[in-house]
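Take 0 as the starting number for the sequence shown in numbering that gives the first Met the number 0 and just add one per residue.
One structure is given below, encoded as structure tokens.
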Amino acid sequence: MPTDYYAVLGVARDADEKEIKAAYRRLARKFHPDVNPGDKNAEAKFKEISEAYEVLSDAEKRKLYDRFGHQWEVAKRSGMSGDGLAGGFPDDFNFEDLLRDIGGFGSVFETMRGGAGAQARNVMPRDVHMEVELTLEEMDSGAKRTFSYRVEDPCATCKGTGSVPTSRSQPCPHCNGRGTVRGL
Numbered sequence: 000m001p002t003d004y005y006a007v008l009g010v011a012r013d014a015d016e017k018e019i020k021a022a023y024r025r026l027a028r029k030f031h032p033d034v035n036p037g038d039k040n041a042e043a044k045f046k047e048i049s050e051a052y053e054v055l056s057d058a059e060k061r062k063l064y065d066r067f068g069h070q071w072e073v074a075k076r077s078g079m080s081g082d083g084l085a086g087g088f089p090d091d092f093n094f095e096d097l098l099r100d101i102g103g104f105g106s107v108f109e110t111m112r113g114g115a116g117a118q119a120r121n122v123m124p125r126d127v128h129m130e131v132e133l134t135l136e137e138m139d140s141g142a143k144r145t146f147s148y149r150v151e152d153p154c155a156t157c158k159g160t161g162s163v164p165t166s167r168s169q170p171c172p173h174c175n176g177r178g179t180v181r182g183l
């Protein structure tokens with residue numbers, strides 16, 4: 000689990016720049032590799048302190064860290080700002096890709112555009128993880144279990160486009176324009 004940068008430096012979340020800088024200098028002197036030659040723990044602590052200071056001493060990085068925690072770098076790459084969505088998204092940000100990745104919403108946009116670019120995409124199957132309780136005897140004997148779960152398969156009627164094959168502007172009646180159907 001990532002460590003809280005404020006805790007690493009031993010400062011409050013509302014600490015000002017001077018407090019952060021003073022805490023960093025104090026800890027950096029204490030754990031610096033030149034002061035602790037060969038001490039791997041001190042070296043690791045020094046790196047952690049330096050990382051915390053790098054983020055908390057930069058106003059924009061700190062805003063992102065305060066808002067998104069250790070996912071601040073992902074938020075920064077996504078074009079978000081510490082103030083929320085005020086920073087907007089990068090010019091090349093594609094909402095279709097985002098929505099497709101989180102749940103198969105891409106065909107909604109393809110249908111709204113009249114099917115422009117609506118073609119079946121090769122989607123890698125997602126890993127399925129399940130927790131199963133077995134007794135020691137079952138594990139020892141090589142017991143087998145059968146599971147069923149819902150998956151989204153490309154619609155056979157529209158081949159995943161979400162549109163009627165003869166008319167790109169009409170949603171497929173079999174999948175209701177989604178391009179996928181649920182199966183077991």
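By construction, the Cβ of each residue, glycine as well, lies at the ideal position given by its N, Cα and C atoms.
| Item | Value |
| --- | --- |
| Three-state secondary structure (DSSP) of residue 16 | helix |
| Sufficient close CB pairs (3 or more, under 8 Å) joining the stretch 46–54 to the stretch 26–38 | yes |
| Span separating the alpha-carbon of residue 162 from that of residue 181 | 17 Å |
| Three-state secondary structure assigned by DSSP to residue 132 | coil |
| Of the residues 169, 134 and 7, the one placed nearest residue 23, counting alpha carbons only | 7 |
| Coil, strand or helix - residue 181 by DSSP | strand |
| CB-CB length for residue 55 against residue 19, believed under 8 Å | 5 Å |
| Boundaries (first-last residue) of the alpha helix (DSSP H) holding residue 61 | 58–67 |
| Reference residue 174; option with closest CA among 58, 156 and 42 | 156 |
| Reduced DSSP secondary structure (H/G/I, E/B, other) of residue 152 | strand |
| Length of the line joining the Cα atoms of residue 142 and residue 13 | 56 Å |
| Burial state of residue 153, where buried means 16 or more other Cβ atoms lie within 10 Å | buried |
| Where the alpha helix (DSSP H) containing residue 11 begins and where it ends | Where residue 11 is concerned, there is no enclosing alpha helix (DSSP H), given that its DSSP letter is neither H nor E. |
| Classification of residue 58 by the beta-carbon crowding that lies within 10 angstroms, buried from 16 upward | exposed |
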